[in-house]
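**Student:** Basically the working numbering = 1-based index in the sequence shown + 739.
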Amino acid sequence: MKGKRSMSFAILVIFSVVSFAVIIYGQKVLVDEKYCSVDADCACGTNVRTQQCFYGNKNYVGAKQCPDFCSGFAGNLEIKCVKSECVQIKR
Numbered sequence: 740m741k742g743k744r745s746m747s748f749a750i751l752v753i754f755s756v757v758s759f760a761v762i763i764y765g766q767k768v769l770v771d772e773k774y775c776s777v778d779a780d781c782a783c784g785t786n787v788r789t790q791q792c793f794y795g796n797k798n799y800v801g802a803k804q805c806p807d808f809c810s811g812f813a814g815n816l817e818i819k820c821v822k823s824e825c826v827q828i829k830r
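1) If Ala782 sits next to Val800, beta carbons under 8 Å apart, how far is it from one beta carbon to the other, in whole angstroms?
2) How many Å lie between Arg788 and Lys773 at the Cα?
3) Cutting at 8 Å between CB atoms, please list the residues of its own chain near Asn796, excluding the five before and the five after it.
4) Can you tell me which of Lys819, Cys792, Cys820 puts its alpha carbon nearest to the alpha carbon of Asp807?
5) Measure how close the beta-carbons of Ile828 and Lys822 come, nearest whole angstrom, since I'm counting them as under 8 Å.
6) Using the C-alpha atoms, what's the distance from Met746 back to Ile753?
7) To the nearest angstrom, how far is it from the Cα of Gly811 to the Cα of Asn798?
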């Protein structure tokens with residue numbers, strides 16, 4: 740009986756911590772790097788974690804730009820939200 744109480748308490752604590760993190764940090768915790776609902780959710784630059792050129796959800800794009808990667812050498816590329824995923828397409 741004591742083991743079941745300890746397990747229940749541990750599960751309750753874990754659930755509370757996760758819930759608190761979601762409330763404090765908002766949906767950033769749950770959003771995939773490529774997820775979007777509108778074009779404005781997408782951006783291009785460097786990935787905040789890897790520092791590599793990247794396009795995806797704006798929450799994962801840092802301030803450093805990658806102009807040739809993002810817009811193409813001829814300026815013929817753009818980032819759009821297609822079927823809930825940020826993709827790079829030709830203009």
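Heads up, the beta-carbon is just placed ideally off N, CA and C, and yes, glycines get one too. Bear in mind the structure is a predicted one, so any value in this text is a computation, not a measurement.
**Tutor:** Here's the rundown:
1) Reading the sequence shown from its first residue, position 43 is the one you call residue 782. Reading the sequence shown from its first residue, position 61 is the one you call residue 800. The Cβ separation is near 4 Å, so the contact holds.
2) Here residue 788 refers to the residue found at position 49 of the sequence shown. Here residue 773 refers to the residue found at position 34 of the sequence shown. So the alpha carbons of these two residues sit roughly 14 Å apart.
3) Stepping through the sequence shown from its first residue, residue 796 is reached at position 57. Contacts found: Val770, Asp771, Glu772, Lys773, Tyr774, Cys775, Asp780, Cys781, Ala782, Cys825.
4) Walking along the sequence shown from the start, residue 807 turns up at place 68. Nearest option by C-alpha distance: Cys792.
5) The residue labelled residue 828 in the question sits at position 89 within the sequence shown. The residue labelled residue 822 in the question sits at position 83 within the sequence shown. Not quite, the Cβ-Cβ distance comes to about 12 Å (not below 8 Å), so this is no contact.
6) Locating residue 753 in the sequence shown gives position 14, counting from the first residue. Locating residue 746 in the sequence shown gives position 7, counting from the first residue. If you take the alpha carbons of Ile753 and Met746, they lie about 11 Å apart.
7) For this step, residue 811 is matched to residue 72 along the sequence shown. For this step, residue 798 is matched to residue 59 along the sequence shown. Approximately 22 Å between the Cα atoms of the pair.
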